[in-house]
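The sequence shown: position 207 = 207 (UniProt numbering), numbered continuously.
Step one of this worksheet: look at the structure below.
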Amino acid sequence: MNFLEEIQSRILIADGAMGTLLYSHGIDRCFEELNLSQPEQIKSIHEAYIKAGSDVIQTNTYGANYLKLSRYGLEDDIKKINETAVHLAKQAAADNRFVFGTIGGIRSFKKSAYSIEDLKRNFREQLYLLLNSNVDGILLETYYDFEEITNVLKIARKETNKPIIANVSLHETGVLQDGTSLKSGLGHLADLGADVVGINCRLGPYHMIQSLEKVPLLDNAYLSVYPNGSLPGLEEGQVTYAADVSYFTQSALEFRKQGASLIGGCCGTTPKHIEAISKAVAHLPPITEKQVKNEREVIPVLDREQRKYEPLQSIVKEKRSIIVELDPPKKLGIKKFMQGAEALKNVGIDALTLADNSLASPRISNVACGSLVKDKIDLRSLIHITCRDRNLIGLQSHLMGLHTLGLTDVLAVTGDPSKIGDFPGATSVYDLSSFDLISLIKQFNEGLSYSGKPLGEKTDFSVAAAFNPNVRHLDKAVKRLEKKIACGADYFISQPIYSEEQIYQVYKETKNLEAPLYIGIMPLTGTRNAEFIHNEIPGIKLSDSIRAAMLKAGEDKEKARSEGLAIAKSLIDAAYDLFNGIYLITPFLQYELTVELSTYIQQKERNVTHA
Ligand SMILES: Cc1cc2nc3c(=O)[nH]c(=O)nc-3n(C[C@H](O)[C@H](O)[C@H](O)COP(=O)(O)OP(=O)(O)OC[C@H]3O[C@@H](n4cnc5c(N)ncnc54)[C@H](O)[C@@H]3O)c2cc1C
Ligand SMILES: [Zn+2]
């Protein structure tokens, strides 16, 4: 009996979930290891699916590859686990059933977690083991990453003439994670040589039917569909699925109408679901003609609204520009903060920069503060965004919120890790790096979300990135800047520098960059503050003369304060002719200091223009 002949003449029934039926062993268990320790149970699950009507069953090898097994320290058992899995499935299947060796996808949305080379090596090993055990075909399932499935499919097609089923998992109805439509994705997999192409997991029948409505019958591959039992729920920490099996009778008829030739189930489905599907469609031939729904017309992306403020990168390329950091307060109450913002606006700075819980300590949301500053004082707020506190969902929601509030100027940073802050046990999310975040914001400017889904409007963010010059190898830090420019950074803002020599070094190393740089200067507020910064903030070093001057000021607060200001002014003098952009950092909400320094810069500017 030949799979490809069989599927041509009638709808074939696949099996349902394996993992769901093994949950009772504990969710953190390696289910594939059960091939060795509980072979009878695995075999009886296969038998239950066969009894329910499955023509095609899959080996219990979804995660039986090096990368997944090594999470459990089981990588050395890879050969035995795969061979036994094939053996058990074959024992359960009579001659007229097909045993497909399954290989699950690895990547989630984070491409950086595994390189394509890692994935290919990992795949090849499992593929050889399954083919050597003489499976009837190969099943690729739960691939969210289209780059991954196309690469592994090419390998499989090269290595075997046996039938290959290639199933992707959808990001949302009809759309893959990278924004590719299901129609074009499946077409591409068919062109790469898959015999059957389709979808599995994540969605239930309703969304899968909707997705398939836009997919035509292909002339070089059959269509498959493996829906989940339902959308997942959570009960007492356990994933649950709705158990209405009769719903699957109707769903199976719909799948047939959409052109599916192979119908099974994924997470949450059981032999009962498969029985319902089998009873509904196993005796029917596949359809030969199909009315395809048009892909949704591309919604025109509205052009951006007029920006309220000119982008800082344009200003600083042309002329002197001062931006000042004023951190949102650590306690409730924003009177002093707003007074500071107003005083700084009155001395004519270009923007107030608002850190995002810097040093990983909670503060009033910088969006709340920034929005008030824009609306009440009419001063541009530059909102820092870290990747520490928000996952990919939160970050996208945040960007949409900023756009909605008209906060168009942002600084994208990785962010100080939680472990250095007030709540060391809190999670540092880091779904994205600063590079990824810069790229994401620039993609928003094209009107597209992370997955490439149209946002309806284009945003108009101007994106700053951070420059940390206080490192051992300045050239490496500058290389990071080049990478940030490649991701879309419009300009840079540096950490504070406390040495005239270092300012000159930074100028030399960065002067050829395409993107302008605001150089960071923060007034020292006292002798202890100076010693703390020199000795305890990683990377930052005060020059000998600055340190000596602060030590000389001693415990006299007034003297230390004016010495701190004098030092900041001398650093400004050193930076003045080299950089248009000056970034002043206000220590401890002492805005009088940054007001005085801003005035100092402007005075200098007037003297120069009048001279
Ligand atoms: C202007 C400015 C504003 C900031 N605002 C905030 C804020 O609001 N909230 C907050 O939490 N943090 C803030 N930070 C701190 C910042 O997140 C980091 O501590 C650091 O300065 C690096 O910037 P980044 O996050 O863009 O890091 P990236 O360039 O993305 O680097 C991430 C990590 O890679 C490593 N790395 C970086 N450079 C090198 C190098 N040359 N060699 C080897 N390893 C390297 C470091 O471990 C670094 O932490 C700010 C920093 C600056 C300069
Ligand atoms: Zn699944």
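Glycine residues also receive a C-beta, built at the ideal position from the N, C-alpha and C atoms.
The structure displayed is predicted, hence computed values, not measured ones.
### Task
Put T249 into one of helix, strand or coil per three-state DSSP.
Translated into the one-based positions of the sequence shown, residue 249 becomes position 249. It is helical.
### Query
With distances taken between CB atoms, is the gap from G101 to V56 smaller than 8 Å?
Translated into the one-based positions of the sequence shown, residue 101 becomes position 101. Translated into the one-based positions of the sequence shown, residue 56 becomes position 56. Result no, Cβ atoms of G101 and V56 do not sit closer than 8 Å.
### Query
Based on the DSSP output, what are the partners of T353 in its beta bridges?
Against the sequence shown, residue 353 aligns to sequence position 353. Beta-bridge pairing links T353 to E325 and L382.
### Query
Shortest alpha-carbon distance to E509 belongs to which of N468, D422 and I540?
To locate residue 509, count along the sequence shown from 1; it is residue 509. The candidate whose alpha carbon is nearest that of E509 is N468.
### Task
Considering only heavy atoms of ligand 2, list every residue whose Cβ is less than 5 Å from one of them, following chain order.
C201, C266 and C267
### Query
Per DSSP, L12 is paired with what?
The residue given as residue 12 occupies position 12 in the sequence shown. Answer by DSSP bridge pairing, in chain order: L262.
### Message
Please identify the residue among Y222, L176, I209 and L218 whose C-alpha is closest to the C-alpha of N228.
### Response
By one-based count along the sequence shown, residue 228 stands at place 228. With distances taken between Cα atoms, N228 lies closest to I209.
### Query
Cβ-heavy atom distance between P355 and ligand 1 below 7 Å?
Residue 355 sits at position 355 when you count from the first residue of the sequence shown. Before going further, note that residue 355 is Ala rather than Pro in the sequence given. For ligand 1, at least one heavy atom lies less than 7 Å from the Cβ of A355.
### Message
Quick check on T142: does DSSP put it in helix, strand or coil?
### Response
Along the sequence shown, one-based indexing puts residue 142 at 142. If DSSP states are grouped into helix, strand and coil, T142 belongs with the strands.
### Query
Where does E500 fall in DSSP's three states?
Along the sequence shown, one-based indexing puts residue 500 at 500. Helix.
### Query
Counting pairs of beta carbons, one from the stretch 530-547 and one from the stretch 476-486, are three or more of them closer than 8 Å?
no
### Query
When the Cα atoms are used, what is the spatial distance from L379 to E592?
On the sequence shown, residue 379 is found 379 positions in, with the first residue counted as 1. On the sequence shown, residue 592 is found 592 positions in, with the first residue counted as 1. For the pair L379 and E592, the Cα-to-Cα distance works out to about 17 Å.
### Message
So for G19, helix, strand or coil by DSSP?
### Response
Indexing the sequence shown from 1 puts residue 19 at position 19. In the structure shown, G19 sits in a helix (DSSP, three-state: H, G or I).
### Message
Tell me which residues share the same chain as Q505 and place their Cβ nearer than 7 Å to its Cβ, disregarding the 5 neighbours each side in the sequence.
### Response
For the purposes of this step, residue 505 is identified with residue 505 of the sequence shown, where counting begins at 1. If we look at Q505 and ignore the five residues flanking it on each side, its Cβ neighbours are L474.
#### Entry: Cβ distance (whole Å) where Y360 is taken to contact P271 below 8 Å
As a working note, residue 360 is residue 360 in the sequence shown. As a working note, residue 271 is residue 271 in the sequence shown. Reading off the sequence shown, one finds Ala at residue 360, where the question assumed Tyr. At roughly 50 Å, the Cβ-Cβ gap does not stay under 8 Å, so A360 and P271 are not in contact.
### Task
Quick one: give me the first and last residue of the alpha helix (DSSP H) that F100 is part of.
By 1-based counting over the sequence shown, the position of residue 100 is 100. Element bounds for F100: not the alpha helix (DSSP H) but the beta strand (DSSP E), F98 to G104.
### Task
Return the bridge partner residues of I585 from the DSSP annotation.
As a position in the sequence shown, residue 585 is number 585, starting the count at 1. I585 pairs with E325.
### Task
Report yes or no: do the stretch 181-193 and the stretch 60-79 share at least 3 C-beta pairs separated by less than 8 Å?
no
### Task
Within the same chain, show all residues whose beta-carbon is closer than 7 Å to that of L392, passing over the 5 residues directly before and after it, in chain order.
Mapped onto the sequence shown, residue 392 falls at position 392. The beta carbon of L392 is closer than 7 Å to those of F109, D431, L432 and Y450 in its chain, skipping five residues each way along the sequence.
### Query
What's the gap between the Cα of A465 and the Cα of E325?
In the sequence shown, residue 465 corresponds to position 465, counting from 1. In the sequence shown, residue 325 corresponds to position 325, counting from 1. Cα to Cα, A465 sits roughly 15 Å from E325.
### Query
Between V239, A489 and G520, which lies nearest to S24 when the distance is taken from Cα to Cα?
Numbered from 1 along the sequence shown, position 24 holds the residue referred to as residue 24. For S24, the nearest C-alpha among the options comes from V239.
### Task
Alpha carbon to alpha carbon, how far is R472 from I567? Give it in angstroms, no decimals.
Along the sequence shown, one-based indexing puts residue 567 at 567. Along the sequence shown, one-based indexing puts residue 472 at 472. Answer to the nearest angstrom: the Cα atoms are 24 Å apart.
### Message
Taking the alpha carbon of N580 as the reference point, which residue from F588, E563, S545 and Y507 has its own alpha carbon closest?
### Response
The residue you call residue 580 lines up with position 580 of the sequence shown. N580 has its Cα closest to that of Y507, out of F588, E563, S545 and Y507.
### Message
Runs of 4 residues minimum, wholly inside the stretch 102-134: which ones carry the alpha helix (DSSP H) assignment?
### Response
Here the runs fully enclosed are 116-132.
### Message
Could you tell me the alpha carbon to alpha carbon distance between L119 and Y128, rounded to whole angstroms?
### Response
As a working mapping, residue 119 is identified with position 119 in the sequence shown. As a working mapping, residue 128 is identified with position 128 in the sequence shown. If you take the alpha carbons of L119 and Y128, they lie about 14 Å apart.
### Message
As an exercise, report each continuous alpha helix (DSSP H) stretch of at least 4 residues that is fully enclosed by the stretch 467-512, in chain order.
### Response
474-487 and 500-510
### Query
Under 8 Å between the Cβ atoms of H384 and L405?
The residue you call residue 384 lines up with position 384 of the sequence shown. The residue you call residue 405 lines up with position 405 of the sequence shown. No. Outside cutoff.
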